[in-house]
Structure formats: structure tokens, C-alpha cells
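Trainee:
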Amino acid sequence: MGWHNQISDGGEPTFLYSVEHRDLLLDDYKSKVNWDLTFSAGANVGYYTNGSAGFDFRMGRIATPFHKHQTPSLDPFNKKFQPLVKAKKAESAKKDCYVWLRYRANLFAYNALLQGQFRDSPVTIDSDQMNRLVHEGGVGVTWDISRYSTLTGITPDLEIFSVDEAFLDVTHCQRLLGAPTAIAREVKQVVYDASGGVLCSAGVSGDKTTAKYAAKLQKPDGLTVIPPWEARSVLAGVPVTEWCGVSTGIGRYLSSRGVHTCQDMQHLPIGDIGQRFGNPGRRIWLMTQGLDPEPIHTNVPAPKSIGHGKVMPPDTQDIDVIHTFLLHMSEKVATRLRRHRFRARTFFIGLRATEGWLGSKYRHDPPTDDGAIIMGLCHRFTLEQWHGEGVYQVQVTALDLRPLGDQLELFAPDQQRRERLNQARDQINRRYGEFALAPARRLLRSHMPNVIAPVWKPFGHRETILNREKD
1 MGWHNQISDG
11 GEPTFLYSVE
21 HRDLLLDDYK
31 SKVNWDLTFS
41 AGANVGYYTN
51 GSAGFDFRMG
61 RIATPFHKHQ
71 TPSLDPFNKK
81 FQPLVKAKKA
91 ESAKKDCYVW
101 LRYRANLFAY
111 NALLQGQFRD
121 SPVTIDSDQM
131 NRLVHEGGVG
141 VTWDISRYST
151 LTGITPDLEI
161 FSVDEAFLDV
171 THCQRLLGAP
181 TAIAREVKQV
191 VYDASGGVLC
201 SAGVSGDKTT
211 AKYAAKLQKP
221 DGLTVIPPWE
231 ARSVLAGVPV
241 TEWCGVSTGI
251 GRYLSSRGVH
261 TCQDMQHLPI
271 GDIGQRFGNP
281 GRRIWLMTQG
291 LDPEPIHTNV
301 PAPKSIGHGK
311 VMPPDTQDID
321 VIHTFLLHMS
331 EKVATRLRRH
341 RFRARTFFIG
351 LRATEGWLGS
361 KYRHDPPTDD
371 GAIIMGLCHR
381 FTLEQWHGEG
391 VYQVQVTALD
401 LRPLGDQLEL
411 FAPDQQRRER
421 LNQARDQINR
431 RYGEFALAPA
441 RRLLRSHMPN
451 VIAPVWKPFG
461 HRETILNREK
471 D
């Protein structure tokens with residue numbers, strides 16, 4: 001199945017005509033909590049022939065009401081549309097933050113990727129084998145996280161720690177901006193204005209870890225200052241297991257040495273924990289004394305691995321469903337590898353069952369960034385490692401990343417053809433959205449929404465939510 005089997009290598013003439021109608025049924029954009037309900041119906045005629053209809057519901061803070069989608073190219077010099085343009089500018093400070101529900105009923109008539117077109121292929125699906133009526137549902141959250149870019153107006157020394165945390169070093173800006181408390185209030189106001197009303201807590205201290213601890217004390221809208229000269233006494237009674245980086249193993253070791261609080265750590269020589277755990281152990285000792293030496297990291301370090309995982313329906317034992325999820329993760333890993341110009345030779349493939357993880361590493365020579373090849377390793381994994389256990393989660397990770405630049409095999413036309421195909425597919429998906437062009441196995445499946453990992457960053461290899469290109 002798929003383009004490789006159904007469409008001739010030299011290409012075939014194709015035709016596709018699409019039409020869609022959207023209508024706003026109900027809405028309330030004036031209340032504090034906005035919502036709208038829209039109906040849409042559409043059809044495609046050509047190499048992909050189908051009809052669809054469904055409903056979309058949004059609730060929350062909606063900065064892009066329905067009418068904006070109906071007038072995407074307003075002319076600012078046209079007097080008729082100047083009021084709308086002014087309204088658009090007035091709303092520009094408002095950011096989207098809403099939940100959405102979606103339902104679609106799709107009626108399929110013909111799909112060239114499954115049924116073939118002009119090529120006489122032995123791998124096809126007959127009309128009576130297709131599931132004509134497919135129901136599709138989705139639920140998710142839209143949240144504009146561009147507020148982080150506004151924080152650089154306060155200081156360029158900014159580290160985006162996770163999807164909802166950031167560190168700011170104002171050492172070099174304090175003379176300009178004033179006292180630490182005033183700077184923290186300005187940060188909170190900037191976040192509030194840029195997000196359209198999202199509250200945040202702020203912590204101020206002389207090091208990253210103590211500031212992070214201070215920010216947790218008065219959530220969700222507090223401001224706590226711990227002066228550096230008071231940090232040791234303030235942290236004295238805090239359990240050491242609350243600190244980021246103190247794993248179960250380190251916690252057991254500290255407990256065996258009688259260290260349960262930050263004050264107890266003063267009785268443990270820094271050399272002892274350093275000898276056992278190296279520099280991370282020494283840093284933990286300093287963290288508990290309010291002396292974290294870790295600086296602000298303004299750049300995302302080069303990746304050591306790129307991976308994607310997905311939670312599945314509980315106790316899944318259908319191999320086709322497992323392969324569909326593994327295919328989804330393989331394609332996402334491959335897309336990110338190509339996007340950041342990496343290839344990998346070693347891949348970890350795993351399934352989480354009731355008894356724990358079933359996982360193994362697989363190698364492929366030469367290094368690859370091709371989703372089909374990674375999926376081939378997944379097929380091999382399920383044949384060798386999976387014996388019918390109920391599965392709850394899948395994971396695919398590229399381990400030994402190497403920059404793109406390895407010489408292609410001289411007599412490998414298939415590899416060159418795959419690279420051209422992947423480049424074309426990436427361009428289409430960047431233009432029209434992730435998986436607009438996808439393997440056939442995913443075409444008739446429900447949409448799997450992306451999740452935002454805790455280590456997400458808005459740039460670099462940790463930007464895992466691939467948005468389509470803007471017009």
C-alpha cells in the first residue's frame with residue numbers, strides 16, 4: 001500500500017478539487033470566558049475523493065474569533081475594511097488560550113494511495129475492503145506561548161527551563177531596572193500582558209535553585225525574595241529530596257548518611273558526596289546551601305538523542321494498532337532528524353507493558369533519517385520481543401546522533417530516491433501541516449494530537465510541535 005506501490009515511479013497525471021464551507025452556529029466573544037460552535041462540511045474530488053462534515057467547539061480566551069478566519073487577507077488601504085484592521089491591531093495583545101473539541105464524519109469513495117490509479121500494482125485494496133464511514137474525534141488545548149520572547153525585553157540572559165518555567169539573570173541589568181523586587185514585579189506584569197491575563201509566581205535569589213524554590217512558595221500569583229545571605233537559614237529545614245536532581249538512588253545514599261534536610265547536609269563533607277556521584281553530587285551539596293553554581297544557559301545544547309513516545313489505549317494487544325503508534329513515532333523521529341540535519345545508526349524501540357518495559361536497541365548501517373527504515377526496525381522488534389502482552393505506551397528514540405554530511409553510497413539510487421521523496425514530503429507538511437502527507441496506514445486512523453513535553457523549548461531540537469508555514 002502507499003504511494004510507493006500505487007503511483008508509477010515516473011509520476012502520473014493527477015487531479016484534486018477541494019471545496020469547504022464553514023458556518024458559525026453559536027458564539028459568545030464578549031464574556032470573560034469566550035466560546036464558539038462552528039459547523040463545517042467539505043468534499044474532495046480526484047485522486048482523493050471523500051466528503052466530510054462535523055462540528056468544532058472552543059472555550060476559553062479566544063483571540064482569533066471566527067470572522068478572522070473568513071477575512072485572512074484584508075487590504076489595509078481599503079476604507080471598507082479599515083475598522084476591522086484597527087480592531088485586529090487592538091486585539092493583538094490578546095493571546096489564545098482555550099480548549100477545543102472536534103468531531104468529523106468522513107465518507108470515503110476513492111483513495112489512490114490505497115486503491116491505485118494507473119499503475120497495475122499487486123498491492124491494492126478493493127472497494128469492499130475499505131471502511132467507508134470513518135468517525136474522527138479530537139480534544140486538545142491551544143495556548144500561545146510566545147510570551148517568553150517578550151521577557152528578552154527585560155534581560156537577554158534568559159533560559160527557558162521548561163514549558164512553563166524560565167530563569168532570568170538580571171545581574172547586568174540591575175542598575176538600569178532597579179531593585180530585584182521591582183524587576184520581579186515587572187516580569188509578572190509582562191507575562192500577564194503578553195498572555196492576556198495568565199498569572200505567574202516569581203522567585204528572586206542569588207542562584208537558580210533557590211530562586212526556583214522561592215517561586216514555588218506562593219503559587220499561582222506570588223512573589224518571594226530570598227536574599228543570598230539568608231538562603232542557608234531559609235533552606236535549613238527543607239527536605240533534600242525536594243531538590244531537582246536528587247534521584248531515588250542519591251536520596252537513599254543521603255538517608256544512609258543521616259542527611260534528610262538541607263541543614264543535615266552541612267555535616268556531610270562535600271568531598272564524600274562528590275567522590276560517590278562526581279560533579280552532580282558536589283552541585284547538590286552547594287544547592288542545599290543556597291550556593292548553586294549553575295549559570296544561565298541561553299542556548300540549547302546539542303542533542304544527544306531525539307525521541308518520541310505515546311500513551312496508548314490501556315492493555316492494547318492488537319498488533320495493527322501497536323504498529324500504527326510505532327509508525328507515528330518513527331515518522332516524528334525521522335522528521336525531526338531531517339529538520340535538524342541529523343542521522344542515527346542506533347535506535348531504541350520500546351513498549352511499556354504491565355510488567356514493565358519491553359525494549360531493545362537496533363542498529364542500521366548506514367545511519368538513517370528515514371521513517372520507513374526506522375519502522376522496519378520496529379517490525380523486527382515486535383517479532384522478536386513482543387509476545388502478546390498488553391501494551392500501554394510506545395517509545396522510539398534515535399540514540400547516536402551524527403550531523404548530516406556522511407557520503408552517500410556510490411551505487412545507491414534507492415537511497416537517493418528516498419532522500420528526494422522525504423525532502424518533498426517535508427516541504428508539503430511544513431506548508432500544509434504535520435502529516436498532511438503521511439503513510440497510508442495513518443490515513444484512515446483517528447488523529448493523534450501532539451503533546452508538549454516538560455523539556456519543550458520554543459526553538460532548536462526540543463521544539464517538538466511542528467507548526468505549518470505561514471502565508
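Mapping to full-length UniProt numbering: the sequence shown position 6 is 6, numbers consecutive. Built from N, CA and C at the ideal position, the CB exists for glycine as well.
(1) Throw me the rounded Cβ distance for the Gly237 and Thr210 pair, which I believe falls under 8 Å.
(2) Check the DSSP bridge columns for Lys361 and list the partner residues they point to.
(3) Considering only residues of the same chain and omitting the five flanking positions on each side of Val240, which have a CB-CB separation below 8 Å?
(4) Which same chain residues, not among the five before or five after Val45, have their C-beta less than 6 Å away from its C-beta?
(5) Using a Cβ-Cβ distance cut-off of 8 Å, determine whether His21 contacts chain C.
(6) Taking Cβ positions, are Val141 and Val99 nearer each other than 8 Å?
(7) Work out the CA separation of Trp35 and Leu26 for me, nearest whole Å.
(8) Going by DSSP, what residue range makes up the beta strand (DSSP E) through Phe15?
(9) Quick check: the stretch 301–320 against the stretch 364–377, are at least 3 beta-carbon pairs closer than 8 Å?
(10) Can you give the Cα-Cα distance for Val396 and Gly350, rounded to whole angstroms?
(11) Buried or exposed: which applies to Arg336, given that a residue is buried once 16 or more other Cβ atoms fall within 10 Å of its Cβ?
(12) Please classify Arg425 as buried or exposed, where buried requires at least 16 other C-beta atoms within 10 Å of its C-beta.
(13) With DSSP collapsed to three states, give me the class of Glu20.
(14) How should Ser446 be labelled, buried or exposed, when 16 other C-beta atoms within 10 angstroms of its C-beta is the threshold for buried?
(15) Which residue marks the beginning of the beta strand (DSSP E) containing Cys262, and which one marks its end?
(16) Met59 bridges to which residues according to DSSP?
(17) Would you mind sorting Asp272 into buried or exposed? The rule is 16 or more other CB atoms within 10 Å of its CB.
(18) Pick out whichever of Gly196, Gln218 and Thr224 has its Cα sitting closest to the Cα of Ile183.
(19) My guess is that Leu133 and Gly51 are in contact by the Cβ rule of under 8 Å, so how many angstroms apart are they, rounded?
(20) Taking just the CA atoms, how far does Ala194 sit from Thr150?
(21) What runs of the beta strand (DSSP E), each 3 residues or longer, lie entirely inside the UniProt domain "UmuC" (148–247)?
(22) Rounded to a whole number of angstroms, what is the C-alpha to C-alpha distance between Glu355 and Arg232?
(23) Report the option in Val391, Gly54 and Thr155 whose CA atom is closest to the CA atom of Phe325.
(24) If I follow the unbroken alpha helix (DSSP H) through Asp272, where does it start and stop?
(25) Considering only the alpha carbon of each residue, which of Asp128, Thr64 and Arg352 lies closest to Cys97?
(26) Looking only at DSSP bridge pairs, what is Asn44 linked to?
Mentor: If we stick to the structure as given:
(1) About 14 Å; that fails the 8 Å criterion.
(2) Phe348
(3) Val246, Gly251, Leu254, Val259, His260, Thr261, Cys262, Asp264, Met265, Ile284 and Thr288
(4) Tyr17
(5) As a matter of chain content, chain C is missing from the structure shown, which is built from one protein chain.
(6) yes
(7) 8 Å
(8) Note, Phe15: premise wrong, no beta strand (DSSP E); not H, not E.
(9) no
(10) 7 Å
(11) buried
(12) buried
(13) strand
(14) Reliability of the predicted coordinates at Ser446 is poor, the pLDDT of 46 falling under 50, and the value obtained from them is presented with this limitation in mind. With fewer than 16 other Cβ atoms within 10 Å, it is exposed.
(15) It is not in any beta strand (DSSP E) - Cys262 instead sits in the alpha helix (DSSP H) that spans Cys262 to Met265.
(16) Trp35 and Val99
(17) exposed
(18) With distances taken between CA atoms, Ile183 lies nearest to Thr224 out of Gly196, Gln218 and Thr224.
(19) No, Leu133 and Gly51 are not in contact; Cβ-Cβ is about 10 Å, not under 8 Å.
(20) 7 Å
(21) Those beta strand (DSSP E) runs which fall completely within the UniProt domain "UmuC" (148–247) and span 3+ residues are 158–162, 165–168, 202–204 and 223–225.
(22) 43 Å
(23) Val391
(24) Ile270 to Phe277
(25) When C-alpha distances from Cys97 are compared across Asp128, Thr64 and Arg352, the shortest belongs to Thr64.
(26) Ser18 and Asn50
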